[in-house]
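For the record, the sequence lines run as chains A and B. Number 9 in the numbering used here belongs to position 9 of the first sequence; there are no gaps in the numbering. Numbers given in the numbering used here equal positions in the second sequence, counted from 1, plus 42. Note sheet for the following structure.
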Amino acid sequence: MTEFDPAAEQRRRIRRTAIVLAVVAIAIYVAFIASGVMNAQP
Amino acid sequence: MSASQTHGHAAAHDHHDDHGPAKGILRWLTTTNHKDIGTMYLVFSLVMFFIGGAMALVIRAELFMPGMQLVDPGFFNTMTTVHALIMVFGAVMPATVGLANWMIPLQIGAPDMALPRMNNLSFWLLVAAFSLLILSLFMPGGGPAAGWTLYPPLVLQTGDAFPLAIFAIHLAGASSIMGAINIIVTIMNLRAPGMSLMKMPLFTWTWLITAYLLIAVMPVFAGAVTMLLTDHFFHTTFFAAAGGGDPVLYQHIFWFFGHPEVYIMILPAFGLVSEIIPTFSRKKLFGYDAMVYATASIAFLSFIVWAHHMFTVGMPLAGEMFFMLSTMLIAVPTGVKVFNWTATMWRGSLTFEPPMLFALAFLFLFTIGGFSGLMMAIAPVDFQYHDTYFIVAHFHYVLVPGAVFAIMAGVYYWMPKWTGHMYDVKLANIHFWLSAISVNVLFFPQHFLGLAGMPRRIPDYSTQFADWNMVSSVGAFGFGLSQLLFVYIIIKCARGGARASDNVWEGAYNHGLEWTVPSPAPYHTFEDAPVVK
Chain A
1 MTEFDPAAEQ RRRIRRTAIV LAVVAIAIYV AFIASGVMNA QP
Chain B
43 MSASQTHGHA AAHDHHDDHG PAKGILRWLT TTNHKDIGTM YLVFSLVMFF IGGAMALVIR
103 AELFMPGMQL VDPGFFNTMT TVHALIMVFG AVMPATVGLA NWMIPLQIGA PDMALPRMNN
163 LSFWLLVAAF SLLILSLFMP GGGPAAGWTL YPPLVLQTGD AFPLAIFAIH LAGASSIMGA
223 INIIVTIMNL RAPGMSLMKM PLFTWTWLIT AYLLIAVMPV FAGAVTMLLT DHFFHTTFFA
283 AAGGGDPVLY QHIFWFFGHP EVYIMILPAF GLVSEIIPTF SRKKLFGYDA MVYATASIAF
343 LSFIVWAHHM FTVGMPLAGE MFFMLSTMLI AVPTGVKVFN WTATMWRGSL TFEPPMLFAL
403 AFLFLFTIGG FSGLMMAIAP VDFQYHDTYF IVAHFHYVLV PGAVFAIMAG VYYWMPKWTG
463 HMYDVKLANI HFWLSAISVN VLFFPQHFLG LAGMPRRIPD YSTQFADWNM VSSVGAFGFG
523 LSQLLFVYII IKCARGGARA SDNVWEGAYN HGLEWTVPSP APYHTFEDAP VVK
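Written out as structure tokens, the structure reads:
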């Protein structure tokens, strides 16, 4: 049985939160460019 | 906050004190220490304040008298554009990020920022960004000159400076987003045991909300300038009507970013004032919970008011009504804040050290900027004031005696903790009075100019505007010169002076874990987390 390591768990949480926030930022960037593409249809 | 801060000193004197920072230039290039990076952000923003300030003085020198005196109109437009970009993205924002880097880990009992290497990258990206922006001034065709809003189609006429400026904005945006991610991750994961969200100092709270705002809106701005770039170089027509695009779309996207951006600059200032007023009133902050909810409400409302910047573009009456009323709604949580700061001082044992003086000036002068904002929220009135010097007066009241004074208050509040020395209080008081008087001489007459009809962003004007322009320019040079005293005070304090106690301010003990570590704060703090009760 593996032992619970609070430091490793904290590192995992830090990594997970950072990745989620970065993905949200990239998604917003892409979404607004996509809105421009939709709007610019002749 | 009631905190058992028994581990603060222990942490400060643990074995990590044995190895301090690396020596030489490599320390600053490679550091991952939040205090080093905070210092670099603060020094960088100070340099940017002076570069952006010099550009403001070029503008005010040209406007000292009617007629063309010193610069050609194209260069004047470049100055207004780059002054704004530098002050917003290179000075005010990095100054609050520097304070966040220094103080958030200390306030929540964390050993450092959660992602220290990304922290270093965030800072150096910012240096690269502003090096590019300043270099763009020397490109053929001159620097960017379409205003900081970069509206198409005008901005697409920029010469070779265009790609440099757009790349600089992308880099600065990436730096801001990385900084914001770091702050959120740090606050959500590295708080000391017992430091619940509703026990956090207000500065940390306001920064948490600001960081979410940054992640939500910086990619929007990045998207807008990416589309500008493709319109310019790849013949897309996002914002060109001839190709099926819409130049007004850019304005909507820009202000969807631009209005929250105002709060990105002002919310940390609210946090600073919320730290300082209780300390020098020797009381707890009145209505802590209400302050947190008011901050969150302002952040939320900032997303639904953007089109008040565009009333004159034209929109349906229902749209005008919506954006007018939603903008006025912001006065409610802001009023809660002003009321709570005032109530904190009520029957307090007040003293007026430099941080308190700057915080009090913020309270009065930011409120003036808030009220002129309310005036312009009224759509039919805005049709009269739009693009006049009234708006210039409004946003400068919000950002200079507002955000900048709060930053100066923060520097005077925490500088003894950073350096271990007390600064020259007499000189700091002189700095305050020179700044407070000159900033009003500089910006208050601009209300009159705007109401009389003087347009913004013009290098020459009708003679009827001559008197107040002259007064405003005298104020500008007075304010600029006063800031040399600020630099002298900081350098003198960093080099020596009377020893600062750990608590520094008599009323500070109750307001955050930063006062439990020695002055100067050791290179490593809170290696063992303190326990907050």
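C-beta: ideal position from N, C-alpha, C; glycine also.
query	result
Helix, strand or coil at B:V573 [DSSP, three-state]	strand
Nearest-angstrom Cβ-Cβ length linking B:P443 and B:F486, presumed shorter than 8 angstroms	At roughly 10 angstroms, the Cβ-Cβ gap does not stay under 8 angstroms, so B:P443 and B:F486 are not in contact.
Opening and closing residue of the alpha helix (DSSP H) in which B:L407 lies	396-419
Length of the line joining the Cα atoms of B:I418 and B:G361	It should be noted that the sequence gives Met, not Ile, for residue 418 of chain B. The alpha-carbon atoms of B:M418 and B:G361 are separated by roughly 16 angstroms.
Exposure of B:Q199, with buried meaning 16 or more beta-carbon neighbours within 10 Å	exposed
Short Cβ contact (8 angstroms threshold) for B:L250 with B:A216	no
Three-way DSSP call (helix, strand, coil) for B:H566 in this model	coil
Three-state class that DSSP yields for B:H277 in the structure shown	coil
Within chain B, partners of A:V23 - CB distance below 8 angstroms	Correct list: empty, because the minimum Cβ distance to chain B is about 11 angstroms.
According to DSSP, residues forming a beta bridge with B:T430	B:P497
Length of the line joining the Cα atoms of B:I340 and B:Y305	8 angstroms
Collapsed DSSP secondary structure at B:R233 in the structure displayed	coil
Chain-ordered neighbours of B:A152 on chain A, where CB pairs are closer than 9 angstroms	Ordered by position in chain A, no residue passes the 9 angstroms Cβ test against B:A152, which lies about 11 angstroms from the chain.
CB contact below 8 angstroms: B:T567 versus chain A	no
Cβ-Cβ separation, B:A203 to B:G185 (assumed contact under 8 angstroms), whole Å	5 angstroms
Identity of the residues DSSP links to B:R541 by a beta bridge	B:H463
Min CB distance B:T386 to chain A below 8 angstroms	no
For A:I26, the three-state DSSP class (helix, strand or coil)	helix
Within 8 angstroms, strictly: CB atoms of A:I33 and B:G265	yes
B:T384, enclosing alpha helix (DSSP H) - first and last residue	373-387
Own chain partners of B:S368 with C-beta closer than 6 angstroms, once the 5 adjacent residues on each side are dropped	I346, V347
Reference A:A8, options B:L163, B:F172, B:M220, B:N231, closest by Cα	B:N231
Segment limits, alpha helix (DSSP H) that includes B:V290	289-323
Burial state of B:H301, where buried means 16 or more other Cβ atoms lie within 10 Å	buried
Short CB-CB distance (under 8 angstroms) between B:L163 and chain A	no
Option nearest B:L157 by Cα separation, candidates B:M220, B:V100, B:F180, B:F106	B:M220
Within-8 angstroms CB hit, A:A8 to chain B	no
B:M352 versus B:M366 - alpha carbon distance	11 angstroms
B:A563 at chain A interface by Cβ criterion, 8 angstroms	no
Ordered list of alpha helix (DSSP H) runs contained in the region 157-208 of chain B, each at least 4 residues	158-177
B:I93 versus B:V124 - alpha carbon distance	10 angstroms
Proximity below 8 angstroms, CB of B:I229 to CB of B:I146	yes
Between the CA atoms of B:P205 and A:V24 - distance to the nearest angstrom	26 angstroms
Exposure of B:A53, with buried meaning 16 or more beta-carbon neighbours within 10 Å	With a pLDDT of 42 at B:A53, under the threshold of 50, the predicted position of this residue should be treated as unreliable, though the coordinate-derived value follows. By the 10 Å Cβ count, B:A53 comes out buried.
Buried or exposed (CB count within 10 angstroms, at least 16 for buried), B:L491	buried
Reference B:E104; option with closest CA among B:V516, B:P63, B:F408, B:N545	B:V516
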